[in-house]
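Okay, so here's the structure we're looking at.
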Amino acid sequence: MDLATFLVQCLNAVQYGLLLFLLASGLTLIFGIMGVINLAHGSFYMLGAYMAFALSPLFGNNFLLMLLAGMVLAAVFGYLLEWVFFSYLYQREHLQQVLMTYGLILVFEELRSILVGNDVHGVPVPDWLAGSFSLGGLMQYPWYRLFASAACIVLALALYFVVNRTRLGMMVRAGASNRDMVRGLGIDIRRLYRTVFAAGVALAALAGMIAAPMASVYPNMGASVLIICFVVVVIGGIGSITGALVASLLVGFVDTFGKVFFAELAGIGIYVLMAIVLVWRPEGLMGRRA
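Numbering (this note's numbering) for the sequence shown: 248 to 537.
See the structure below:
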């Protein structure tokens, strides 16, 4: 493998890992703080992709404005969804959580089929991000993929600031450690949960909107990323945003270079990584020790 090819694969791994972080960070917030096993999280990713397909004709080249509008719509949807459904799950057994969130997957898929059909759709790359730049020789790298990586880095920094430097973040971290203590301090834990859930849905939808121009928008696309998201959460440590970032990048590199060097075994690479991490640290890379 020459240097240019290696550099392209590194960029692909980072871009995939950062996009996966956007998706997994929302899941680790919901799973780690609210204690809900949300199998419908992949459906929020699909929701974002289909929103990009529906909104792109309306916004044209105003791609950033489209992303902002999509995040707001997804956050409102997540807030209402938590109020109507998820608020009843906190004291339930995990089996009931799994059954209800799996039921939501079926509902979302049926609604998607009714509203937009079962065809495969494409989302155009905005004109100002079209094309590619040279990495030496004949190797080219798309500007849009570089934009996707940069956008994910900005959002990761913003998420780190909110979680570690704001009052809301302090309440979120406290809620992840001891929910009863947070409730005892007079904090409205229900509103906190709704805010966290809405943020998780918005992050997952944003990941879908960013990914849509790089891949097709197709039925059941959320199922392909759901298990990988749970793998990232387990590797990084439940409830840890930093752990989700580290785990996402590790999964990105293992998956990308596994497909290059071990194409026939690429599908099991991330699960081997998860097994190694769990043998070494059962609580995950950044998880709290029991």
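Note that CB positions come from ideal geometry on N, CA and C, so glycine has one too.
Cβ-Cβ distance between residue i and residue j below 7 Å
i	j	result
Phe291	Ala452	yes
Ala316	Met456	no
Arg430	Tyr326	no
Ala271	Cys399	no
Gly295	Val472	no
Leu250	Val283	no
Val401	Ile280	no
CA-to-CA distance, residue j to residue i, given in whole angstroms
i	j	result
Gly369	Ile488	31 Å
Val319	Met533	30 Å
Ala397	Val501	21 Å
Phe355	Phe310	25 Å
Gly516	Asp435	42 Å
Phe408	Ala513	35 Å
Gly469	Gly350	14 Å
Asn365	Leu353	14 Å
Arg359	Gly531	35 Å
Tyr297	Val519	32 Å
Leu497	Asp427	34 Å
Met386	Phe253	11 Å
Ala454	Arg412	24 Å
Leu362	Arg392	29 Å
Phe332	Leu376	39 Å
Pro529	Ile485	11 Å
Gly499	Ala405	21 Å
Arg339	Leu432	24 Å
Beta-carbon proximity list for residue i, same chain, < 6 Å, skipping 5 on both sides
i	result
Leu328	none
Ser259	According to the sequence shown, residue 259 is Asn rather than Ser. The residues are Thr503.
Thr348	Asn285, Leu286, Ala287
Gly447	Gly273, Leu276, Ile277
Met313	Leu302, Phe306
beta-carbon residue i near the ligand SAH non-hydrogen atom, thresh 6 Å
i	result
Asn285	For the ligand SAH, the structure offers nothing, since it holds no ligand at all.
Contacts around residue i, its chain only, beta-carbon distance under 7 Å, and the 5 residues preceding and following it disregarded
i	result
Gly378	Trp390
Ile579	The question about residue 579 has no answer, for the chain in this structure spans 248 to 537.
Val410	Gly416, Val419, Arg420, Ile488
Phe268	Cys399, Ala403, Ala491, Leu492, Ser495
Tyr388	Val255, Leu258, Ser379, Phe380, Leu382
Trp330	Arg441
Phe324	Val448
Contacting residues, own chain, Cβ-Cβ under 8 Å from residue i (five flanking each side not counted)
i	result
Ala322	Ala445, Ala446, Val448, Ala449
Ala395	Gln262, Leu265, Leu266, Ile457, Ala458, Met461
Asp374	Asn308
Asn467	Met293, Glu356
Ser334	Arg437, Tyr440, Arg441
Does the contact criterion of 3 or more C-beta pairs under 8 Å hold for the segment 271-286 versus the segment 506-523? no
Please give me, in chain order, every unbroken run of the beta strand (DSSP E) with length at least 3 that falls completely inside the segment 256-327. none
Could you tell me whether the segment 516-534 touches the segment 478-493, where touching means 3 or more Cβ pairs closer than 8 Å? yes
Mind pulling the beta strand (DSSP E) runs of 3 or more residues that sit fully within the segment 443-475? none
State whether the segment 337-356 contacts the segment 452-463, with contact taken as three or more CB pairs (one from each stretch) at a distance under 8 Å. no
Determine contact between the segment 355-372 and the segment 297-311, defined as no fewer than three beta-carbon pairs at a distance below 8 Å. yes
What runs of the alpha helix (DSSP H), each 4 residues or longer, lie entirely inside the segment 318-397? 341-363
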